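Novice: Please read through the structure below; I'll follow up with questions.
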Amino acid sequence: MEIISAKPAHKLDIQHLHQQAFGAANGKEKGVAIGELVKSLLADPTAEPRHSLIAVEQDTVVGHVLFTRVHIEGAASNIAAQILAPLAVHPDFQAKGIGRKLIMTGLDALRKSKTQLVFVLGHPGYYPRCGFTPAGVCGFEAPYPIPAEHASAWMVQELMPGIIGTIKGKIRCAETLHQPEHWRE
Ligand SMILES: CC(C)(COP(=O)(O)OP(=O)(O)OC[C@H]1O[C@@H](n2cnc3c(N)ncnc32)[C@H](O)[C@@H]1OP(=O)(O)O)[C@@H](O)C(=O)NCCC(=O)NCCS
């Protein structure tokens with residue numbers, strides 16, 4: 156299995172992968188919706204710079220992670236920040252460390268491109284293993300309110316030490332992702 160940067164030719168495989176992974180976990184409708192979201196995000200100019208990585212096993216795309224640009228309203232505009240969304244591993248290949256490897260390889264690439272902060276809305280039992288910690292208590296407001304009982308699902312990670320604590324504000328995502336339906340669970 157290798158992790159590589161996705162190319163335009165992988166678009167359809169990536170969309171199908173999300174359909175299958177999210178469909179198996181959350182129902183077919185959710186799978187289709189996330190597949191469409193990824194397709195749109197991959198074409199959204201407001202998502203740039205974008206980092207799209209795939210896990211490939213015997214010429215088949217078995218995992219994908221996408222990082223897209225976010226702005227922090229109220230903070231200096233030169234802060235380089237991204238959001239991880241979405242992440243999927245094909246049901247037949249889950250729990251083999253592929254999700255973690257995609258995240259860690261993506262974070263390395265972001266570090267090299269001087270990204271300072273990375274956000275994620277996801278399972279609080281999963282992402283802290285990859286270095287994420289609760290974002291709300293650090294002063295980072297999600298694009299749409301997260302119910303108090305799910306507050307720990309809104310997370311951040313600094314890729315340059317010392318950034319957290321020096322800035323705060325509300326996160327604005329790429330237009331495609333900055334829609335309320337993507338922030339309800
Ligand atoms: C979530 C997902 C990307 C994880 O990928 P993966 O390659 O299976 O994960 P890894 O092998 O890196 O890690 C496996 C560990 O994560 C745990 N894990 C997997 N999904 C989890 C979840 N939704 N919540 C909490 N823990 C989870 C597993 O129990 C396993 O734990 P263990 O190491 O103690 O056995 C994958 O299961 C998936 O595509 N799920 C459907 C789509 C989805 O929900 N994506 C969004 C995640 S917010």
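For this note's numbering, count along the sequence shown from 1 and bump the result up by 155. Virtual Cβ for every residue (Gly too), placed ideally from N, Cα, C. As the structure is a prediction and not an experimental result, all values here were calculated from the model.
#1: Using alpha carbons as the reference points, say which of Leu272, Gly286, Glu157 lies closest to Gly317.
#2: Start and end of the beta strand (DSSP E) containing Ser195?
#3: Consult DSSP for Gly324 and reduce its assignment to one of helix, strand or coil.
#4: By how many angstroms is the C-alpha of Pro298 removed from the C-alpha of Gly321?
#5: Out of curiosity, what's the CA-to-CA distance linking Ala240 and Glu157?
#6: Alpha carbons only, please: which of Lys323, Ile301, Ser268 is nearest the one belonging to Pro204?
#7: What residues match up with His226 in a beta bridge as DSSP calls it?
#8: To the nearest angstrom, how far is the alpha carbon of Ala306 from that of His337?
#9: Should Lys325 be listed as close to ligand 1, given that the test is whether its C-beta is under 7 angstroms from any heavy atom?
Specialist: From the atom records:
#1: Leu272
#2: Premise fails: Ser195 lies in the alpha helix (DSSP H), 183-198, not in any beta strand (DSSP E).
#3: strand
#4: A small fix is needed here, since residue 321 is Thr in this sequence, not Gly. C-alpha separation (whole angstroms): 20 angstroms.
#5: 20 angstroms
#6: Ser268
#7: Arg327
#8: 16 angstroms
#9: No, the beta carbon of Lys325 sits no closer than 7 angstroms to any heavy atom of ligand 1.
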